[in-house]
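Enquirer:
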Amino acid sequence: MTHPMTLIVVDDNEEMGQFVGDAAELAGFDVETVTAAKELINRASDVQPDVIVLDIVMPDMDGIELIGELARRKVASKIVVMSGYNDDYLDTAEKLAQDQGLNIAGSFTKPASLADLENLFTNLNTSTAGSGHV
Numbered sequence: 001m002t003h004p005m006t007l008i009v010v011d012d013n014e015e016m017g018q019f020v021g022d023a024a025e026l027a028g029f030d031v032e033t034v035t036a037a038k039e040l041i042n043r044a045s046d047v048q049p050d051v052i053v054l055d056i057v058m059p060d061m062d063g064i065e066l067i068g069e070l071a072r073r074k075v076a077s078k079i080v081v082m083s084g085y086n087d088d089y090l091d092t093a094e095k096l097a098q099d100q101g102l103n104i105a106g107s108f109t110k111p112a113s114l115a116d117l118e119n120l121f122t123n124l125n126t127s128t129a130g131s132g133h134v
């Protein structure tokens, strides 16, 4: 029996994290949401998720610092970055993560529509490679 792919969302905005998580569940993922980067680091070690969705701007540790920490820990999960700010944040985060050996699988600017997110996550759930952008 195959198990669903696992996905962890980290966003300090609990409602946004839940919205993103709901879209991933519609695409067939087993989802967990956390509201702080340090929670993600602890959970990612235990769960080893297939996909991590992370917000770039968070109060405890921003997404750039988190990307560095995930790279130091040699996390193999696919990474999707999101931001409510301009696309420059996303471009910088994606380039930094790739330069540090992380597997960037997509990005999106918040707010994104449920349909766009579900499409992104469905593509991630059915493929092992490629990049998705909303």
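Residues in the sequence shown are numbered consecutively from 1, following this note's numbering.
C-beta atoms are modelled at their ideal positions from N, C-alpha and C, and glycine is treated no differently.
#1: With a Cβ-Cβ cutoff of 8 Å, do D55 and D12 count as a contact?
#2: Does DSSP put L54 in a helix, a strand or coil?
#3: Does the distance from the CB of I67 to the CB of L40 come in under 8 Å?
#4: Please name the residue, chosen from T6, A27, T33, that lies closest to E14 on a Cα-to-Cα basis.
#5: Between A129 and the rest of its own chain, which residues show a CB-CB distance below 7 Å, the 5 nearest in sequence each way excluded?
Expert: Reading it off the structure:
#1: Going by C-beta atoms, D55 is nearer than 8 Å to D12.
#2: strand
#3: Between I67 and L40, the C-beta spacing is not below 8 Å.
#4: T33
#5: Reliability fails at A129, whose pLDDT of 37 lies under 50, so the model's placement of it is uncertain and the value that follows must be treated cautiously. Contacts found: none.
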